[in-house]
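Residue numbers (my numbering): 1412 to 1503.
Don't be surprised by glycine CBs; every beta carbon is placed ideally from N, CA and C.
In what follows, a structure is listed as structure tokens, so that the remarks can point back to it.
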């Protein structure tokens, strides 16, 4: 590969990574906090700025809300599937 091809390849990969990160957002947002849309990390409901990983599922489990945990599991699964397609070059 020459330098021009390397730059083009890097640009395509970078675009996929950007799009995959966007795939981890949910337009409806998190339960009780629709302004937070990232399903992999967000500030905790009661932690101020401290991050919670996979917050929709985690907070539902902490609240002992099984139906919400299942619902949020489906939301996260869909986001991971979108990101996987994007990274494999089948997405946007």
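Nearest CA to the CA of residue i: which residue from the options?
i            : options                   : result
residue 1492 : 1429, 1425, 1434 and 1419 : 1434
residue 1498 : 1485, 1418, 1427 and 1423 : 1427
residue 1480 : 1467, 1489, 1452 and 1496 : 1467
residue 1490 : 1442, 1450, 1469 and 1422 : 1450
residue 1452 : 1462, 1477 and 1415       : 1462
If you run the structure through DSSP and keep just helix, strand and coil, what is residue i?
i            : result
residue 1466 : helix
residue 1456 : coil
Leaving aside the five residues before and after residue i along the sequence, list all residues of the same chain whose C-beta is less than 6 Å from its C-beta, in chain order.
i            : result
residue 1448 : 1436, 1437 and 1440
In the DSSP assignment, find the alpha helix (DSSP H) that holds residue i and state where it starts and stops.
i            : result
residue 1489 : 1477–1498
residue 1440 : Here residue 1440 belongs to no alpha helix (DSSP H), and DSSP marks it neither H nor E.
Starting from the C-beta of residue i, find all residues in its chain whose C-beta is less than 7 Å away, skip the five residues before and the five after it, and write them out in chain order.
i            : result
residue 1446 : 1440
Measuring only the C-alpha atoms, how far is residue i from residue j?
i            : j            : result
residue 1470 : residue 1485 : 15 Å
residue 1430 : residue 1488 : 17 Å
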